[in-house]
Each structure stands twice: as C-alpha cells, then as structure tokens.
Amino acid sequence: MAGEAIRPLFRSALLVEAKGDASPVTEADRAAERALRAFLAERFPSHGIMGEEYGTERGDAEYLWVLDPIDGTRAFLTGRPLFGTLIGLLHRGVPVLGLIDQPVTGERWVGVAGEGTRFTSPLGGTARARPCARLAEAELSVTSPDIFDAAQRPGFERVRQAARRVTWGGDCYAYGLVALGLVDAVVEATLKPWDWAALVPVVEGAGGRMTDWQGRALTLDSPGDVVAVGDAALLPEIVGLLAG
C-alpha cells in the first residue's frame, strides 16, 4: 500500500519541504505513512504506532509498529532507487519483525525474530550474510560522512581507514545488502527508531548482528549510533576502533 503512494511520484516534480532538522519531506512520505497507519490501526487497534512523519500513538502499548515511509528521501528525490519503506514491530521494546520494501525495484526483505530472513526480487536471490571476520577484507557502507559529529568522527575514520573499501549513500538499502552477503558492515550515527527498528530482524535473520557503537542491543533509549555486520566475528574489531 505504501508503494502505491510512492511509485507514481518517483522521478516526478515534487514539492519538497524542510522539516525542523532540515531533512527533506514530500507528499510521497506523508501519503505512504497515512496509508500504513490506516491499515495497521484497522487490523491491530490495540497496538501502538510510531512514525517519522506523524509521531507516536499509544507508545506504551505491548506491541509498537515503527514506520519510516521513505527511508532515504534524498535518494528518492534524486531518482536513485536506494530508498525503501521500513516497517518494524517491537514487542516490549524488542524488534521482532522487520520489512524493507523497495517499491521501484520490487525487492523486499522480511525478517522475523527466530526465523531466517526472506528475500523476494524479480532477479531472485537469497538472504544470507557472508563470512568476513576482518575489517581489512570488508566492504563498508555509510550513508554520508556528514552524519558523524566532531566527537564521533575520529572513531569512524579509524574504521574507514581499516576497511577494504567504502561505499556511500545506501540508507536502508545498505542493510539489505548486508543481509544478501554483498556488503559486510554498515556504521551510522544519529538514527531514530524508525530508521533502525525494521532493520534489526532483517540483518540478524540473515545471520548478521546489529548493535549500538558499544556492541549493545538497540533499544528505544539508544542514541541511534549503529553498527551492522554480516559476520558477528567482525563486530569486536569495529566496536574497538570506534571506541579508540
């Protein structure tokens, strides 16, 4: 349903507004979130909903849906299909279900806690992270170097310099590539719950790990500094470099 709101507006002339944090928002973002909220409210009336565009309802509910209608709005605005719709479900604060949907390419990742991640695509493929225990052999993906503040930048630079190669601009799509065994690690900062909640079950259901910069499980109280790895053996090296 979110895709139905997004696809007709992809690579079209859209009015772009700036939110309070200067990030862009379009009618595609808002229409997609409205559609998702209406669907979830009808089917799960006792559940809470948290979304990037319209805030939180029943945030203390046992089950909380966490929505980002277009994660990667800048990619969407520049015609690059590296964005996605994120739908996460938390049970008592723990991510138990996650979906990444790329409405243009037709790719979808679905992760459920305790089960393997399922990937569907017109091109085929299987969600299975690959072994990579050393950063010197790792493909690292980062949305932008500008997401790190002055205190975080030295730690990130240590990781970047130790990695085999770095690619930029992936947003949620990079985490999907970790789940496919094409990228080995993602390091990011200042993410909100709607940016990461759906990604945890997807990455971990494919055999990876996703934590904060200290290697701890992500929670609604986490500051939003995130590490995702396809091979858990890679996590200590990254966490150590981030800490200095």
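Quick note: the sequence shown uses this note's numbering, first residue 1, plus one each step.
Heads up, the beta-carbon is just placed ideally off N, CA and C, and yes, glycines get one too.
| Asked | Found |
| --- | --- |
| State buried or exposed for Gly244, treating a residue as buried only when at least 16 other CB atoms are found within 10 Å of its CB. | exposed |
| Pick helix, strand or coil for Gln161, following the three-state DSSP scheme. | helix |
| Chain B beta carbons: is any one of them nearer than 8 Å to that of Arg34? | Looking for chain B here will not work: only one protein chain is present. |
| Per the contact definition of three or more C-beta pairs closer than 8 Å, is the segment 64-74 in contact with the segment 161-168? | no |
| Flag this pair as yes or no: are the beta carbons of Pro69 and Glu52 separated by less than 8 Å? | yes |
| At the level of alpha carbons, what is the spacing between Asp21 and Asp195? | 15 Å |
| Do Ile49 and Ala28 have their C-beta atoms within less than 8 Å of each other? | no |
| What does the alpha-carbon distance come out to for the pair Gly155 and Ser46? | 42 Å |
| I'd like the ranges of any alpha helix (DSSP H) spanning at least 4 consecutive residues and lying wholly in the segment 48-115. | 73-77 |
| Which first and last residues belong to the beta strand (DSSP E) in which Val142 is found? | Glu139 to Val142 |
| Taking Arg158 as the reference, which of Leu182, Val239 and Leu220 has the closest Cα? | Val239 |
| From Pro95 to Pro223, what does the alpha carbon distance come to, in whole angstroms? | 16 Å |
| Under the DSSP definition of a beta bridge, which residues are partnered with Asp212? | Val226 |
| If distances are taken between C-alpha atoms only, which option among Pro193, Trp213 and Gly205 comes closest to Val186? | Trp213 |
| Tell me the rounded alpha-carbon separation between Pro201 and Arg80. | 25 Å |
| Spatial neighbours of Gly125 within its chain, please: C-beta separation below 7 Å, excluding the five flanking residues on both sides. | Phe119 and Leu180 |
| When the distance is taken between beta carbons, is Val178 closer than 8 Å to Gly230? | yes |
| For the alpha helix (DSSP H) that contains Arg11, what are its first and last residues? | It is not in any alpha helix (DSSP H) - Arg11 carries neither H nor E in the DSSP assignment. |
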